[in-house]
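*Asks:* The sequence shown begins at 1 in UniProt numbering and counts up by one.
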Amino acid sequence: MGKKVIHSRNIASLLKYQYDVDVVFGIVGIPVVEFAQELQSVGIRFIGFRNEQAASYAASAYGYLTGKPGVLLVVGGPGVIHALAGVYNSMNNRWPLLIIAGSVPRDEKYQGGFQELDQVSLLKPYLKFAGELTGTKKDANIVFNAWNSATQGTPGVSYIDFPGDLITDVVEAIEFHKHETKRITTGPDPRSIAEVTSLIKEHQDKNILVVLGKGCINSSLALRHFIEEFNFPFLPTPMAKGILPDSHRLNVSAARSQALKSADLVLVFGARLNWILHYASPPKWNSNAKFVQVDIEPLTLGVNNPNGTSYCIWGDIQLTIENLRDTLHKLDFVKHKGLTKELKEKIESNKHNLRVRLNPENYYGAKMLNYYSVYSMLKNLIDDRSCFIVCEGANTMDIARISFETDFPKRRLDAGTNATMGVGLGYAIAAKVHSPELNIVTIQGDSAFGFSGMEIETAVRYRLGIIFIIMNNSGIYHGSDPSTITNETQLPPTMLSEKCRYDLVARGLGAKGYLVKNLQELEYYYKKALVHTRERIPCLLNVIIEPGQNKKISFGWQKSKL
Numbered sequence: 001m002g003k004k005v006i007h008s009r010n011i012a013s014l015l016k017y018q019y020d021v022d023v024v025f026g027i028v029g030i031p032v033v034e035f036a037q038e039l040q041s042v043g044i045r046f047i048g049f050r051n052e053q054a055a056s057y058a059a060s061a062y063g064y065l066t067g068k069p070g071v072l073l074v075v076g077g078p079g080v081i082h083a084l085a086g087v088y089n090s091m092n093n094r095w096p097l098l099i100i101a102g103s104v105p106r107d108e109k110y111q112g113g114f115q116e117l118d119q120v121s122l123l124k125p126y127l128k129f130a131g132e133l134t135g136t137k138k139d140a141n142i143v144f145n146a147w148n149s150a151t152q153g154t155p156g157v158s159y160i161d162f163p164g165d166l167i168t169d170v171v172e173a174i175e176f177h178k179h180e181t182k183r184i185t186t187g188p189d190p191r192s193i194a195e196v197t198s199l200i201k202e203h204q205d206k207n208i209l210v211v212l213g214k215g216c217i218n219s220s221l222a223l224r225h226f227i228e229e230f231n232f233p234f235l236p237t238p239m240a241k242g243i244l245p246d247s248h249r250l251n252v253s254a255a256r257s258q259a260l261k262s263a264d265l266v267l268v269f270g271a272r273l274n275w276i277l278h279y280a281s282p283p284k285w286n287s288n289a290k291f292v293q294v295d296i297e298p299l300t301l302g303v304n305n306p307n308g309t310s311y312c313i314w315g316d317i318q319l320t321i322e323n324l325r326d327t328l329h330k331l332d333f334v335k336h337k338g339l340t341k342e343l344k345e346k347i348e349s350n351k352h353n354l355r356v357r358l359n360p361e362n363y364y365g366a367k368m369l370n371y372y373s374v375y376s377m378l379k380n381l382i383d384d385r386s387c388f389i390v391c392e393g394a395n396t397m398d399i400a401r402i403s404f405e406t407d408f409p410k411r412r413l414d415a416g417t418n419a420t421m422g423v424g425l426g427y428a429i430a431a432k433v434h435s436p437e438l439n440i441v442t443i444q445g446d447s448a449f450g451f452s453g454m455e456i457e458t459a460v461r462y463r464l465g466i467i468f469i470i471m472n473n474s475g476i477y478h479g480s481d482p483s484t485i486t487n488e489t490q491l492p493p494t495m496l497s498e499k500c501r502y503d504l505v506a507r508g509l510g511a512k513g514y515l516v517k518n519l520q521e522l523e524y525y526y527k528k529a530l531v532h533t534r535e536r537i538p539c540l541l542n543v544i545i546e547p548g549q550n551k552k553i554s555f556g557w558q559k560s561k562l
């Protein structure tokens, strides 16, 4: 007979010592309280949220930032249901996530037990792995399978069911041996490399564009060598900003529309040809353009591609880049012409127009603030070297994407592939836990803030010095004029309460909160917020902006701003 321990300690020790888990996000309740305590007893930090949705978004983002599964702990039944937001978020963004949930004791199954739900059956068809702990040494294999499944190939989601009786049961201690669960990579098919490099060679004198998606976030150095050696213009998708510096001479973001329309050959690394890239279709794209897709997920390849899978490469992105590079050298491919004269002129023109629009001198004395006036001041106050920006909202996020450049990878989190609202506070908390040395600045619309505003208290409780900037236009997309509404049946569906005092809400939750109505106040209180965050006190700036116009509603990335 070996050493006996409660099973919670077994699983906590496995997570800590075999998989180097340093933080778990979640909410406790019956029956997982004891497990959370055991996590803490082995040195794992537990961040307790106010809502499973926000906790699941935090764990989801933490997986993206670390490159290994973020871990989420929730109660069974409704706790799991509330956490499905983060499950879907991780699945669609292809981020690694491990969920652990309590469940009804095994001898109470099928009797209408407390919060009883067959969670394994519910989740198994959609996740990479779903299994139930047994209270035996086999549980080491279950944890391994869950962790490994979330990690290998296309990152995704795994689920472990922890029956309530096992959480406090005394069982035989699990022996484990520390080893690295590293991602296994596979190189591309040499025939595909030969086809694509021949195609690139054929287009040597034509317009070539490299598109960078968040799927190649860990291949920054290889991509930089590839793009600079061959002088290829490139376009990052929103969360791929910083993989190569936004300030790079070959970045065409400032003339996105023209770059898309003029491209003859498009090399797409780690991005899907979905709504963010206009389905690779005219009128946004050149109707004769050829698209080469490179991805670790084979089911991505060929989707919305006018050429089907003809020029697609399945394999690890970094290994593929290295193979392309070596083969192009063998083909004596000389430097591409780079930016055309027309593209250079458009970039300079649009950058000039944006500089004018983001000059705070244009807005002093204005009756009300707007997105551009606020961002004009923040752009001067934010130091890219020490800042991480989380952004969500419609206009709030859309305009922020072109206003705040970054030269560093993994310094941006936004609504992502799903265009999800409500991610902001969870993402901000994950970012601060991951990078405590950085200034985490969260820019949200007032509608987006409402999804998870109570998590301000979570940031206060864990002394996470985050700056929250609420772009308050008193509405969803746009506000409304209350004077035109005579009874509640006329309330527009996009309307929120006018000039809501979110700053007072923040104060009530223990943070600092300030009301901002002009640029002088914005500058003063932002600098004050930086001081508070160094003292590990969260700070919220409630920035009142003009309500905007009642015009056709669309998500900003669906139309080109530049």
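All C-beta atoms, glycine included, are put in the ideal place defined by N, C-alpha and C.
Please report how far the alpha carbon of residue 212 lies from the alpha carbon of residue 224, in whole angstroms.
*Replies:* Indexing the sequence shown from 1 puts residue 212 at position 212. Indexing the sequence shown from 1 puts residue 224 at position 224. If you take the alpha carbons of residue 212 and residue 224, they lie about 11 angstroms apart.
*Asks:* Taking all protein chains shown into account, decide if residue 503 is buried (16 or more other Cβ within 10 angstroms of its Cβ) or exposed.
*Replies:* In the sequence shown, the residue the question calls residue 503 occupies position 503. The residue is buried, with at least 16 neighbouring Cβ atoms inside 10 Å.
*Asks:* Excluding the 5 residues preceding and the 5 following residue 447 in the sequence, name in chain order all residues of the same chain whose CB lies nearer than 6 angstroms to its CB.
*Replies:* As a position in the sequence shown, residue 447 is number 447, starting the count at 1. Hits under 6 angstroms: 476.
*Asks:* Classify residue 531: buried if its beta carbon has 16 or more other beta carbons within 10 angstroms, exposed otherwise.
*Replies:* For this step, residue 531 is matched to residue 531 along the sequence shown. That one is exposed.
*Asks:* From residue 327 to residue 338, what does the alpha carbon distance come to, in whole angstroms?
*Replies:* Translated into positions along the sequence shown, residue 327 becomes position 327. Translated into positions along the sequence shown, residue 338 becomes position 338. The straight-line gap from Cα to Cα measures roughly 20 angstroms.
*Asks:* In the DSSP output, which residue or residues are listed as bridge partners for residue 563?
*Replies:* Outside the shown range of the chain, which is 1 to 562, sits residue 563, and nothing can be said about it.
*Asks:* Since residue 407 and residue 238 should fall inside the 8 angstroms C-beta cutoff, what is the C-beta to C-beta distance between them, to a whole number of angstroms?
*Replies:* Along the sequence shown, one-based indexing puts residue 407 at 407. Along the sequence shown, one-based indexing puts residue 238 at 238. Not confirmed; about 16 angstroms, so no contact.
*Asks:* Go to residue 388, then tell me how far its beta strand (DSSP E) extends in each direction, as first and last residue.
*Replies:* The residue given as residue 388 occupies position 388 in the sequence shown. Per DSSP, residue 388 belongs to the beta strand (DSSP E) from 387 to 392.
*Asks:* Using three-state DSSP, classify residue 172 as helix, strand or coil.
*Replies:* Position 172 of the sequence shown holds residue 172. In the structure shown, residue 172 sits in a strand (DSSP, three-state: E or B).
*Asks:* I need the boundaries of the beta strand (DSSP E) containing residue 291, first residue and last residue.
*Replies:* Here residue 291 corresponds to residue number 291 of the sequence shown, with the count starting at 1. Note, residue 291: beta strand (DSSP E), 290 to 295.
*Asks:* Within its chain, find whatever has a CB closer than 6 angstroms to the CB of residue 265; leave out the 5 residues flanking it on each side and keep chain order.
*Replies:* Counted from its first residue, the sequence shown places residue 265 at position 265. These residues qualify, in order along the chain: 203, 208 and 290.
*Asks:* Comparing alpha-carbon positions, which option in 198, 251 and 21 lies nearest residue 71?
*Replies:* Walking along the sequence shown from the start, residue 71 turns up at place 71. Checked all of 198, 251 and 21; the closest Cα to residue 71 is 21.
*Asks:* Considering only their Cβ atoms, is the gap separating residue 236 from residue 243 smaller than 8 angstroms?
*Replies:* As a working mapping, residue 243 is identified with position 243 in the sequence shown. As a working mapping, residue 236 is identified with position 236 in the sequence shown. Cβ distance < 8 angstroms, so residue 243 and residue 236 count as in contact.
*Asks:* Should residue 471 and residue 445 be called a contact, given that it needs their Cβ atoms to be closer than 8 angstroms?
*Replies:* For the purposes of this step, residue 471 is taken as residue 471 along the sequence shown, with counting starting at 1. For the purposes of this step, residue 445 is taken as residue 445 along the sequence shown, with counting starting at 1. In contact: residue 471 and residue 445 (Cβ atoms closer than 8 angstroms).
*Asks:* By alpha-carbon positions, which one of 508, 354, 252 and 317 ends up nearest to residue 295?
*Replies:* Locating residue 295 in the sequence shown gives position 295, where the first residue counts as 1. Checking every option, the nearest Cα to that of residue 295 belongs to 317.
*Asks:* Residue 147 lies in the alpha helix (DSSP H); which residues open and close that run?
*Replies:* The sequence position of residue 147 within the sequence shown is 147, counting from 1. Per DSSP, the continuous alpha helix (DSSP H) segment holding residue 147 begins and ends at 139 to 151.
*Asks:* Could you say which of 508, 474 and 517 lies nearest to residue 499 if we only look at CA atoms?
*Replies:* Here residue 499 refers to the residue found at position 499 when the sequence shown is read from its first residue. Of the listed residues, the one whose Cα sits closest to residue 499 is 474.
*Asks:* Please work out which residues of its chain come closer than 6 angstroms, Cβ to Cβ, to residue 241, disregarding the five sequence neighbours upstream and downstream, and give them in chain order.
*Replies:* As a working mapping, residue 241 is identified with position 241 in the sequence shown. If we look at residue 241 and ignore the five residues flanking it on each side, its Cβ neighbours are 406 and 412.
*Asks:* By how many angstroms is the C-alpha of residue 324 removed from the C-alpha of residue 342?
*Replies:* Taking the first residue of the sequence shown as 1, we reach residue 342 at position 342. Taking the first residue of the sequence shown as 1, we reach residue 324 at position 324. Those two C-alpha atoms are separated by around 28 angstroms.
*Asks:* On the three-state DSSP scale, how would you describe residue 562?
*Replies:* Here residue 562 refers to the residue found at position 562 when the sequence shown is read from its first residue. Low confidence applies here, because residue 562 scores a pLDDT of 43, under 50, leaving its location unreliable; read the following figure in that light. Of the three classes helix, strand and coil, the one that applies to residue 562 here is coil, per DSSP.
*Asks:* Please tell me whether residue 564 and residue 84 are closer than 8 angstroms, where the distance is taken between their beta carbons.
*Replies:* There is simply no residue 564 to check, as the chain begins at 1 and stops at 562 in what is shown.
*Asks:* Would you mind sorting residue 43 into buried or exposed? The rule is 16 or more other CB atoms within 10 Å of its CB.
*Replies:* For the purposes of this step, residue 43 is taken as residue 43 along the sequence shown, with counting starting at 1. Looking at its Cβ environment, which holds fewer than 16 other Cβ atoms inside 10 Å, residue 43 is exposed.
*Asks:* My output table needs one value for residue 454: the three-state DSSP class, helix, strand or coil.
*Replies:* Sequence index remark: in the sequence shown, residue 454 carries index 454 (1-based). Coil at residue 454, not helix or strand.
*Asks:* Return helix, strand or coil for residue 442, following the three-state DSSP convention.
*Replies:* Taking the sequence shown and counting its residues from 1, one reaches residue 442 at position 442. Residue state, collapsed to three classes: strand.
*Asks:* With DSSP collapsed to three states, give me the class of residue 514.
*Replies:* What you label residue 514 is simply residue 514 of the sequence shown in a count that begins at 1. Strand at residue 514.
*Asks:* What do you reckon, are the CB atoms on residue 505 and residue 374 nearer than 8 angstroms?
*Replies:* Start at 1 with the first residue of the sequence shown, and residue 505 comes out as number 505. Start at 1 with the first residue of the sequence shown, and residue 374 comes out as number 374. Contact: no.
*Asks:* Can you check the UniProt domain "Thiamine pyrophosphate enzyme central" (194 to 324) for any beta strand (DSSP E) of at least 3 residues that lies completely inside it and give the ranges in chain order?
*Replies:* 208 to 212, 234 to 236, 265 to 269, 290 to 295 and 312 to 314
*Asks:* What is the DSSP secondary structure of residue 436, counted as helix, strand or coil?
*Replies:* In the sequence shown, the residue the question calls residue 436 occupies position 436. In this structure, residue 436 counts as coil in the three-state DSSP scheme.
*Asks:* Which residue comes first and which comes last in the beta strand (DSSP E) that contains residue 101?
*Replies:* The count along the sequence shown starts at 1 and reaches residue 101 at position 101. Here the beta strand (DSSP E) through residue 101 covers 97 to 103.
*Asks:* When DSSP builds the beta bridges, which residues end up paired with residue 350?
*Replies:* Position 350 of the sequence shown, counted from the first residue, corresponds to residue 350. Partner(s): none; residue 350 has no beta bridge.
*Asks:* Comparing C-alpha positions only, which one of 80, 220, 37 and 285 sits nearest to residue 102?
*Replies:* For the purposes of this step, residue 102 is taken as the residue at position 102 of the sequence shown. Considering only alpha carbons, the answer is 80.
*Asks:* Between the alpha carbons of residue 11 and residue 31, how many angstroms are there, rounded?
*Replies:* Locating residue 11 in the sequence shown gives position 11, counting from the first residue. Locating residue 31 in the sequence shown gives position 31, counting from the first residue. Distance between the alpha carbons of residue 11 and residue 31: 15 angstroms.
*Asks:* Just to check, is the beta-carbon of residue 318 closer than 7 angstroms to a non-hydrogen atom of the ligand ADP?
*Replies:* The ligand ADP is not part of this structure, which contains no ligands at all.
*Asks:* Put residue 163 into one of helix, strand or coil per three-state DSSP.
*Replies:* The sequence position of residue 163 within the sequence shown is 163, counting from 1. Here residue 163 sits in strand by DSSP.
*Asks:* Quick check: the region 155 to 162 against the region 127 to 136, are at least 3 beta-carbon pairs closer than 8 angstroms?
*Replies:* yes
*Asks:* Specify the secondary structure class of residue 6 as computed by DSSP and reduced to three states.
*Replies:* Stepping through the sequence shown from its first residue, residue 6 is reached at position 6. Here residue 6 sits in strand by DSSP.
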